[in-house]
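Sequential numbering of the sequence shown, starting at 1, is according to my numbering.
Beta carbons: idealized from backbone N, C-alpha and C, even for Gly.
Since the model is a prediction, treat every value here as computed from it, not as a measurement.
The next block holds one structure in the form of structure tokens; read it before the comments.
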Amino acid sequence: MSARISMSFILIFVTSFLSAMALTPLATWIGLRTGAVDQPSPRRIHHKPTARLGGLAIFLAFLVGVYFSVSFPRTDPFEPERIKGLLIGCALMFLIGLVDDYHELKSVPQLIAQVVAAFIAIASGVLIIEIPNPFGGALPLYFQEWFGILFTLFWLVGMVNTINWLDGMDGLAAGVSVIAGGVMFLHTFGLRQYSISLLVLALIGAALGFLLFNFSPARIFMGSIGSNVLGFALGVLSIIGGAKVATALLVLGVPILDVAWQIITRLRAGKSPFVADRGHLHHRLLDLGLSQRTIVILYYALSAFFGVLALILPSGVYKLIALVVIGAGALLVLIRLGHETVDRR
């Protein structure tokens with residue numbers, strides 16, 4: 001790797017990281033002064049009013065990193081169009097998140113915005129056209145274009161909501177996003193997709209600079225802006241960076257399964273799957289007596305461990321086995337914790 005490429009990596013990461021560090025205190029001040037504040041409540045963990053405009057710093061810092069990456073040479077002629085879709089979609093996620101951080105929107109308008117942002121990305125060429133076959137080769141989706149579109153739509157909307165629902169403890173969503181981004185960076189770097197690696201680094205730097213202020217005890221929350229932008233960007237970059245669905249599923253396996261479990265249990269109880277409660281895995285662990293920091297570090301460790309597995313496992317068969325083991329283990333834990341909650345009541 002040339003010295004120019006190395007300097008580009010350093011420049012992108014440092015500028016996005018320092019931008020987030022500089023902008024987060026400003027976002028805190030703006031949030032407190034303008035009413036974008038999370039008030040303490042029985043469902044929430046914090047005990048004092050806390051600004052929730054941290055996503056503003058993440059989004060702007062990410063844009064700074066992307067700006068400095070524009071001049072980097074790109075080998076894929078379709079990449080600029082895909083990056084345009086990424087940025088326009090992120091901008092829409094920013095806007096709907098901004099409105100939600102001030103006015104707490106219903107779930108339907110947010111879901112509509114997520115679908116629109118996903119279609120913007122798809123129209124720009126961000127599309128899953130095949131699923132790796134764990135037993136060799138790939139399962140093509142292009143034989144029915146609509147199937148690839150639906151799969152991509154489901155993936156992007158699912159990623160946004162996974163990070164959104166993960167954002168329930170100080171430093172949890174931001175830290176897991178940094179780890180997921182780190183795995184994605186190593187994957188794209190190994191494939192010599194340096195231009196995509198730079199975009200991932202910009203996102204990592206933005207999230208990490210914010211995390212310094214968000215780790216327990218948090219001085220600011222990322223809010224809907226942050227979770228929307230991080231989830232959407234991770235979803236898009238995992239597609240255009242060729243990070244493979246199995247890789248992302250391994251890194252985010254625990255939170256994704258938690259989201260799926262919550263949707264199922266809420267529907268079975270006759271509740272809306274979009275109504276927030278304290279049923280998530282991290283909340284249940286907190287109710288069992290674990291501290292916020294312990295739970296967050298546990299999530300970090302699991303995400304990093306499964307991320308390493310995603311990078312070093314030699315074939316899709318082993319990744320499939322790992323996914324099954326993670327799924328079975330997480331399901332048993334969730335069922336057990338569900339019984340614990342009932343017993344406590």
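Identify the residues that DSSP records as bridge partners of residue 349: which are they?
-> Shown here, the chain extends from 1 to 345; a query on residue 349 therefore has no answer.
Runs of alpha helix (DSSP H) wholly within the segment 105 to 131 (minimum 4 residues, chain order) = You should have 107 to 123.
Over the uninterrupted alpha helix (DSSP H) stretch that includes residue 153, give me the two end residues.
-> Start and end: 145 to 166.
How would you call residue 273, buried or exposed, if buried means at least 16 neighbouring beta carbons within 10 angstroms?
-> Taking every protein chain shown into account, the CB of residue 273 has fewer than 16 other CB atoms within 10 angstroms, so this residue is exposed.
What do you get for residue 305, buried or exposed, if any count of 16 or more other CB atoms within 10 angstroms of its CB means buried?
-> Flag for residue 305 reads exposed.
Cβ neighbours of residue 15 in the same chain (closer than 7 Å, five flanking residues each side left out) | Result list for residue 15: 64, 65, 68, in chain order.
Can you name the start and end residues of the alpha helix (DSSP H) that residue 280 belongs to?
-> Careful: residue 280 lies outside any alpha helix (DSSP H) and carries neither H nor E.
Roughly how many angstroms lie between the CA atoms of residue 183 and residue 212, to the nearest whole one?
-> Those two C-alpha atoms are separated by around 20 Å.
Could you tell me which of 178, 217, 238 sits nearest to residue 209, measuring between CA atoms?
-> Ranked by how close their Cα comes to the Cα of residue 209, the residues 178, 217, 238 have 178 in first place.
Is the number of C-beta pairs between the segment 221 to 234 and the segment 80 to 96 that are closer than 8 Å three or more?
-> The segment 221 to 234, when compared against the segment 80 to 96, does touch it at the 8 Å Cβ threshold.
Looking only at its own chain, which residues have a Cβ that is under 6 Å from the Cβ of residue 281, when we skip the five neighbours before and after it?
-> Apart from the 5 residues on each side of it in sequence, residue 281 sits with its Cβ closer than 6 Å to the Cβ of 258 in its chain, given in chain order.
Leaving out the 5 sequence neighbours to the left and right, which residues in its chain are closer than 6 Å to residue 4 when beta-carbon positions are compared?
-> Nothing listed; no residue qualifies.
Residue 75, DSSP secondary structure in three states | Residue state, collapsed to three classes: coil.
Validate contact between the segment 21 to 37 and the segment 187 to 204 using beta carbons, cut 8 Å, 3 pairs = Segment contact: the segment 21 to 37 against the segment 187 to 204, fewer than three CB-CB distances shorter than 8 Å; contact not assigned.
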